[in-house]
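K.L.:
6 protein chains.
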Amino acid sequence: MSVVEILRDEDLSPEARAVFDDIRAARGGDFVNNFWRVLAHDAVLLKRVWETLKATMAPGALDPLTKELLYVAVSATNGCEYCVRSHTAAARAKGMTEAQLMEVMAVVGMANQTNSLAMATQVPVDEVFLRPPKS
Amino acid sequence: MSVVEILRDEDLSPEARAVFDDIRAARGGDFVNNFWRVLAHDAVLLKRVWETLKATMAPGALDPLTKELLYVAVSATNGCEYCVRSHTAAARAKGMTEAQLMEVMAVVGMANQTNSLAMATQVPVDEVFLRPPKS
Amino acid sequence: MSVVEILRDEDLSPEARAVFDDIRAARGGDFVNNFWRVLAHDAVLLKRVWETLKATMAPGALDPLTKELLYVAVSATNGCEYCVRSHTAAARAKGMTEAQLMEVMAVVGMANQTNSLAMATQVPVDEVFLRPPKS
Amino acid sequence: MSVVEILRDEDLSPEARAVFDDIRAARGGDFVNNFWRVLAHDAVLLKRVWETLKATMAPGALDPLTKELLYVAVSATNGCEYCVRSHTAAARAKGMTEAQLMEVMAVVGMANQTNSLAMATQVPVDEVFLRPPKS
Amino acid sequence: MSVVEILRDEDLSPEARAVFDDIRAARGGDFVNNFWRVLAHDAVLLKRVWETLKATMAPGALDPLTKELLYVAVSATNGCEYCVRSHTAAARAKGMTEAQLMEVMAVVGMANQTNSLAMATQVPVDEVFLRPPKS
Amino acid sequence: MSVVEILRDEDLSPEARAVFDDIRAARGGDFVNNFWRVLAHDAVLLKRVWETLKATMAPGALDPLTKELLYVAVSATNGCEYCVRSHTAAARAKGMTEAQLMEVMAVVGMANQTNSLAMATQVPVDEVFLRPPKS
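Residue numbers (the numbering used here), protein chains in the order written: chain A, 1 to 135; chain B, 136 to 270; chain C, 271 to 405; chain D, 406 to 540; chain E, 541 to 675; chain F, 676 to 810.
In C-alpha cells, the structure reads:
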C-alpha cells in the first residue's frame, strides 16, 4: 500500500494517460511500474518527472548503462528500496553483468566509508583540489 | 584545521611511512593528500583504508573512470565536500570531460529527486523487480 | 517486530501510563500508536519525547497543518517509512487535501534534486545570502 | 571555488542566456545567483532545472511561502549549506517572520529526532496508518 | 554568519538568560557556545533543547563518555561540521584519548560501508535477528 | 529476496568457503547470516569486508560492546534495517542491557535533532572547538 492509491489504467486522467502512452512507446512494452502509477495523481508532476528522466537517461556524454549504475549508487546510499530494485533491474536490462553489479557495490561501500571518515575528521581540502580544471 | 593534526612526513611512524611509500609508488608522484595525513594517526587504519581503496578502484569488470564517477555520485549525495572535490579531481585526471561531469550531476540530481518521491509515496516494489535475474 | 517489545496497556509502568493518559486526552481518543508503545520501555524518554512533540506541533507562528507538512517532508527525505505514513495520516486528519500532498511531494523531490546539485558542484554561497536579515 | 567555473554573463551560450533572461523576468531583478551560473555549463540541464523549479514553486494547492518552508526543511535535513541559506533568504523575501523560522527549525529538529527513533526501534507501522484515505 | 544573529549576553530575553545561567552552572564555566546563542532567539526552544540534552547526556546505564562517542558517530554520519567539532571537543574533555577517537572513526567508516552494502543488496533480515530478546 | 541470490554453503566458491570457515571459527558457531551470503558472489569483496570488520570490531582502545553501540547508532541514523537489527542482536550478545539500548536510542535521537538544528541555522564553529587538542 502506497500513501496514495496506485492508479490503474482506467483511473487515469487523459493527461496522465498521454504520459503513460509515451512511457510505453519509449520502452517498447505495455508494463508501467508503480512509481508512475502513484505520480499519476498529479498529471503535471507525472509529465515533468517522466520527461526529465527520459532526457537525463538518454545517451549523451555518458552511455545509458553508466547512468543506470550511477542511479543505483545514489539509491543505495539513500537507502531507497524501490529505487535500488527498479534501477538494478533497469541496469541488468541494459547489459549490466553480475560482476559489474558487485563492483558497483564495492565502490558504493568504499565511498560511504571514506565519506564518513572525511566528515568525522573534518579534513581540510588540499589546495590542489580547489584549482579550476585546466582548459 | 582537522579534528586531528595533519601529519607531515617527518611525523609519521615507520608503519605509516611504508603506506605513504606505497601511495606514492601507486600514483607515481610525491604528493600525498590530507585525507591520508589524518588517517596516519592510526597506521593500521591507514593501511587498511588505503589497500582497500586501491583494490576497489583497480580495473575490473568496470573501468577506473566509471568507478570514479560512482564515487563522485555517492559523495555528492552525502554532501561530503572533501570527497566531492578530491574525486572530481581524480575523475578529471582519469579523463572525465566537463560534459561527462555535467551528466553525472544531472543523473545525481534526478536520482535524489525520484528517491525522495519513492520514499514520500512509499510505493510498493513491483513484482517484476523482485524476481531474481535470469542466469 | 520491533527491536524491543511493543508494550500493551497492561505492561506499562505507572509513569508510562500517565503519559499514555495525556496522549489520549490530547488526541481525544483511545488509540495510542506503536511508536509510543516502544518508547514506553523508558518512561523518562517517553515523557520527554511526547511533551516536546506536543509543544512543538501546537499552533504558534505556524499553523498545525503546515507543521505536519514539514514533518512529512523531513521524513520522506530521511526515508523513514513509519514517520512518512504516520505524519501523512496526521496531516490528512488536520485537513491536508490530496492535491496538497502531491505538491508537498513535488517540492520535496525538487529540493532533494537541487540539494544534491549544489553539493555536487560545491557552489559558493552568494554574498547576498550571507547578510543578516533586515530588522 | 565551485568544482566548475562560475560563469559570468559574457560567458553564457545563447541558450543559457535565454534561461537567465527568464530568471530575471520571473524575479523582476538583475541578480542571478551562483547556483544557476554553475548549471549554465549545460544549457539543457539549466533550462530543465529552472523550469521545473519555477513550476514547482508557483502558487497552487499550497502557497509559495509554505513551499519555501518545506524547501528549507529538506535542505537543513540534508545539510546543504547553499540551499539552507538561499531558501531561507527566499522565504524571508516571501514574508517569513523570524518567529516562523524558529518554528520551522523546531519542527525539523523534532522530525529528525523521531525519524531516528523510529528507525532505531524498527517499530512496525500501525494498521490504521496503512489504510487508504477516505474519498 | 549564522542564518540568524548570534546573540550576545546583553541581547538575551530574561527567559533565555535563565537558561544560559543553567548552562553555566552545569558546566562550571562562563563560556556558552554559539549553538545556544542562535537557539536563544526562541527561549522556549532553547530551554527545551538544553534540558533534553542535559538529561540525555547525564550518567545512566551508559557513562557520559560513551554517550559523547555515540554523538560524534551520528554527527560524522550526518556530516554536521559544527556537531562533529563540538562533540569531539566534549569527548576529549570527558577523557577520550586520541587512540579512542581513531577507533570511533574506524567503526563509523565500517558501519557506513556495510550499511550501504546492505541497502545496495536489499538483503533480507535473518529470522534470528527478528526474534525478541530473551527476558 | 535480495537483489542477488542468497548463496547456500553448497553454492560457494572455494575462496568464499574459506572466508565462511573463518567467520564460523571467529564466532564459534555454524550460523552465517545473509549479509555474508550475498557478498559471497564476489569472494574478494567478501574477504575484504569480513577481515576489515573483524579487525575493526576487535578489542582495542574501545571495548567490543562500545563499538557495537556505535554501529547501532550509525545504522539507525542511516535507516538501515538489516544493520540495526543485526547489530542490535550483536550488542545484546555482547552484554548490552535493555536500559543501555534505550539510552543509545535517546542519544541517537538527540544527536539527530541537534545536528539538524545546527545545519538549519548554519551556526559557525566557535574558535575554541577549532583548536588542536592539547598534547
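Ideal Cβ placement from N, Cα and C applies to all residues, glycine included.
No experiment lies behind these values; they were computed from the predicted model shown.
Mind checking if Leu70/A is an interface residue toward chain C, Cβ cutoff 9 angstroms exclusive?
P.N.:
Using a Cβ-Cβ cut-off of 9 angstroms, Leu70/A does not count as an interface residue toward chain C, since no Cβ of chain C sits closer than that to its own.
K.L.:
Of all the residues that make up the segment 648-661 of chain E, which are near chain C by a beta-carbon distance shorter than 8 angstroms?
P.N.:
none
K.L.:
How many angstroms separate the CA atom of Asn709/F from the CA atom of Ser688/F?
P.N.:
16 angstroms
K.L.:
Closer than 8 angstroms between beta carbons: that is the criterion. Which residues of the segment 211-245 of chain B meet it against chain E?
P.N.:
Asn213, Gly214, Cys215
K.L.:
Using the C-alpha atoms, what's the distance from Met636/E back to Glu127/A?
P.N.:
31 angstroms
K.L.:
What are the residues of the segment 553-570 of chain E that lie near chain F, defined by any Cβ-Cβ distance shorter than 8 angstroms?
P.N.:
For the segment 553-570 of chain E, which is checked against every Cβ of chain F, not one residue is closer than 8 angstroms.
K.L.:
For the candidate residues Thr223/B, Asn213/B, Met237/B, Leu180/B, whose alpha-carbon lies nearest to that of Asn382/C?
P.N.:
Asn213/B
K.L.:
Lys47/A to Phe264/B, Cα distance in whole Å?
P.N.:
23 angstroms
K.L.:
DSSP state of Gln570/D, grouped into three classes?
P.N.:
One cannot answer for residue 570/D here, as it falls past the ends of chain D, which runs 406 to 540.
K.L.:
Grouping DSSP H, G and I as helix and E and B as strand, with all else coil, what is Ile158/B?
P.N.:
Reduced to three states, the DSSP call for Ile158/B is helix.
K.L.:
Going along the chain, which unbroken runs of the alpha helix (DSSP H) with 4 or more residues stay wholly within the segment 327-374 of chain C?
P.N.:
334-348, 351-363
K.L.:
Please report whether the beta-carbon of Met597/E lies at a distance below 9 angstroms from any beta-carbon of chain C.
P.N.:
no
K.L.:
Using a threshold of 9 angstroms, state whether the C-beta atoms of Thr763/F and Val782/F are closer than that.
P.N.:
Not a contact, by the Cβ cut-off of 9 angstroms.
K.L.:
Between which two residues does the alpha helix (DSSP H) harbouring Glu550/E extend?
P.N.:
Unbroken run through Glu550/E: none, as it is neither H nor E.
K.L.:
Closest to Val489/E by CA distance: which of Met510/D, Leu506/D, Ser521/D, Ala525/D is it?
P.N.:
Lying before the first or after the last residue shown, residue 489/E is absent from chain E, which here runs from 541 to 675.
K.L.:
Tell me whether Arg442/D is buried or exposed, calling it buried when 16 or more other Cβ atoms sit within 10 Å of its Cβ.
P.N.:
buried
K.L.:
Does DSSP classify Arg536/D as helix, strand or coil?
P.N.:
coil
K.L.:
In this structure, how does DSSP classify Phe301/C when only helix, strand and coil are distinguished?
P.N.:
coil
K.L.:
Determine whether the beta carbon atoms of Val584/E and Leu506/D lie at a separation below 9 angstroms.
P.N.:
Between Val584/E and Leu506/D, the C-beta spacing is not below 9 angstroms.
K.L.:
Measuring alpha carbon to alpha carbon, tell me which residue in Arg702/F, Arg699/F, Leu714/F, Asp696/F is nearest Leu682/F.
P.N.:
Leu714/F
K.L.:
Rounded to the nearest angstrom, what separates Glu415/D and Val393/C at their Cα positions?
P.N.:
19 angstroms
K.L.:
Which residues in chain B have a C-beta closer than 8 angstroms to the C-beta of Val44/A? List them in chain order.
P.N.:
The contacting residues do not exist; Val44/A stays about 14 angstroms from chain B at best.
K.L.:
When we look at the beta-carbon of Asp603/E and count the other beta-carbons within 10 Å, is it buried (16 or more) or exposed?
P.N.:
Around the CB of Asp603/E, fewer than 16 other CB atoms lie within 10 Å, so the residue is classed as exposed.
K.L.:
Secondary structure at Met1/A, three-state DSSP: helix, strand or coil?
P.N.:
Met1/A: coil per DSSP, three-state reduction.
K.L.:
Looking only at its own chain, which residues have a Cβ that is under 8 angstroms from the Cβ of Val489/D, when we skip the five neighbours before and after it?
P.N.:
The answer, listed in chain order, is Val477, Ser480, Ala481.
K.L.:
Put Val242/B into one of helix, strand or coil per three-state DSSP.
P.N.:
The answer is helix: DSSP assigns Val242/B an H, G or I state.
K.L.:
Excluding the 5 residues preceding and the 5 following Val707/F in the sequence, name in chain order all residues of the same chain whose CB lies nearer than 6 angstroms to its CB.
P.N.:
Phe695, Ile698
K.L.:
Using a Cβ cut-off of 7 angstroms, pull out every chain E residue sitting near Asp801/F, in sequence order please.
P.N.:
Chain-ordered, the chain E residues with CB closer than 7 angstroms to the CB of Asp801/F read Asn573, Asn574.
K.L.:
Whole angstroms is fine: what's the gap from Ala58/A's alpha carbon to Leu65/A's?
P.N.:
About 10 angstroms.
K.L.:
Using the beta-carbon of each residue, which ones in chain D are nearer than 8 angstroms to Val543/E?
P.N.:
Val489, Arg490, Thr493, Leu506
K.L.:
Measuring CA to CA, which of Ser2/A, Asp30/A, Lys67/A, Ala18/A is closest to Glu238/B?
P.N.:
Lys67/A
K.L.:
Quick one: is Glu216/B buried, meaning 16 or more other Cβ sit within 10 Å of its Cβ, or exposed?
P.N.:
buried
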